[in-house]
Amino acid sequence: MQLTFNCEVGFEKTTPNQKPSINLLPLSEYDHVIISESGGKDSMACLFYLLDLGVPKEKIELWHQCVDGKGIDHVELMDWPVTESYIESVGKLFGIKTFYQWRSGGIYNELMRKDSLTGDVYYTTEAGEVIHLPTRNGKKNTRMKWPAMSPDLRIRWCSPYVKIDVFRRVLNNHPTYKNKKILVVTGERREESSNRAKYAEAEIHTCSNKSRLVHAWRPVIDWTEQQIWDSYEKRLFLPHPAYLLGWNRTSCFGCIFSTADLWAMMREIAPERFNQLVRLEQELNHTIDTSRLNLNDKANLGSLDRLPKDFRVSKWVQMALTKNFSVTDLVMDKWEVPAGAFRGNVGGPV
């Protein structure tokens, strides 16, 4: 794919054999540039790239959907404990506004939903307020089973219910974004899967309507993993601690797509969290893995070889499992490729 960029004239694209892609506006014309920020390498590379393009920091916003909920609604279950603190530190380092969105009770409440509506949505504002969007519509439903390991989001319900739909509902209801031009940036890459290979680089976002123009852009969609890590090396930037420990992705700590190795590693460094998921499998009488192997059996098939033997591993475990990440830790003295780099694309959503 070829892409020509000019702040004044916008984008021209030639994308053979891919879904149609729209022409973006010149970046200077957008009022808000929202990065859907997971803390993972691809969404971080999007941030680095926007800064390299000269997008003003005042226009960039980091939006993170807290999959386990937040505040009094927080139920620690699936996500890495450090993720929100890591993203908060990134925002502070670059002077970029950071906002959080979540569903009441997070993924736990959705997993255990029984004859009820899905949870309410909350979001933070620049003034530090927490705004409540109650769920009034929809049908009462019972879930009581894990999301399916499938690209079909109708049955892999975790992504839409605690991330995608939460993001959309906030953008659709937030008064700040009415009558504005908005660019939503995400980090999918075609190299990751045959399904993502079909994505358009730029398209009209589903939140676009008569009161706001919203474009979706995947700026690193044609990047290789090497290019992603090169963007880190350029800044001597410390990746999310999960990569330091050998994880190749930073989706949920307890991602349903985790391989046997990743489950074995989770059991090794966070046995309490692992055993919590084991107990939920037993309570629901439903396994996370579609092969019907329970988590202990799946972990027994895995290896701990990916966990670094470096003397710093205890520091990285502590860093990954706490919620107090420091801004000063983001810049490395010397770049080192993390143990989780170049481990393939398995173990995450397709």
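Using numbering that gives the first Met the number 0, read the sequence shown as starting at 0 and increasing by one per residue.
Note that CB positions come from ideal geometry on N, CA and C, so glycine has one too.
All of these numbers come straight from a predicted model, not from anything done at the bench.
Assigned secondary structure, residue i (DSSP; H/G/I helix, E/B strand, else coil)
i           : result
residue 344 : coil
residue 202 : strand
residue 256 : coil
residue 132 : strand
residue 336 : coil
residue 268 : helix
residue 29  : coil
residue 277 : helix
residue 59  : strand
residue 316 : helix
residue 163 : helix
residue 289 : coil
residue 89  : helix
residue 123 : strand
residue 42  : helix
residue 35  : strand
residue 54  : coil
residue 70  : helix
residue 191 : helix
C-alpha gap between residue i and residue j, whole angstroms
i           : j           : result
residue 225 : residue 95  : 26 Å
residue 265 : residue 84  : 20 Å
residue 28  : residue 290 : 49 Å
residue 222 : residue 40  : 12 Å
residue 20  : residue 34  : 19 Å
residue 297 : residue 210 : 49 Å
residue 232 : residue 38  : 16 Å
residue 141 : residue 157 : 14 Å
residue 199 : residue 310 : 43 Å
residue 351 : residue 90  : The shown model of the chain, from 0 to 349, leaves out residue 351, and the question about it has no answer.
residue 129 : residue 180 : 24 Å
residue 299 : residue 275 : 17 Å
residue 46  : residue 229 : 14 Å
residue 328 : residue 321 : 14 Å
residue 121 : residue 171 : 13 Å
residue 145 : residue 138 : 19 Å
residue 330 : residue 342 : 23 Å
residue 164 : residue 204 : 13 Å
residue 134 : residue 98  : 21 Å
residue 109 : residue 160 : 8 Å
residue 57  : residue 283 : 46 Å
residue 132 : residue 107 : 19 Å
Residues that residue i bridges to, as DSSP identifies them
i           : result
residue 64  : 100
residue 215 : 183, 202
residue 236 : 330
residue 140 : 115
residue 231 : Answer is none; residue 231 lacks a bridge partner.
residue 208 : 211
For residue i, the nearest candidate out of the options (CA to CA)
i           : options            : result
residue 30  : 175, 295, 283      : 175
residue 54  : 281, 32, 63        : 32
residue 60  : 101, 79, 123, 109  : 123
residue 239 : 152, 113, 337      : 337
residue 64  : 145, 48, 185       : 185
residue 318 : 269, 303, 301, 304 : 269
residue 76  : 273, 304, 334, 214 : 273
residue 36  : 166, 283, 116, 69  : 166
residue 191 : 24, 22, 344, 25    : 344
residue 304 : 44, 62, 333, 261   : 261
Nearest-angstrom Cβ-Cβ length linking residue i and residue j, presumed shorter than 8 Å
i           : j           : result
residue 295 : residue 286 : So it is not a contact: roughly 10 Å between Cβ atoms.
residue 104 : residue 74  : 6 Å
Any non-hydrogen atom of the ligand SAM closer than 6 Å to residue i Cβ
i           : result
residue 105 : Inclusion of the ligand SAM in the displayed structure is not the case, the ligand content being empty and no account of it being possible.
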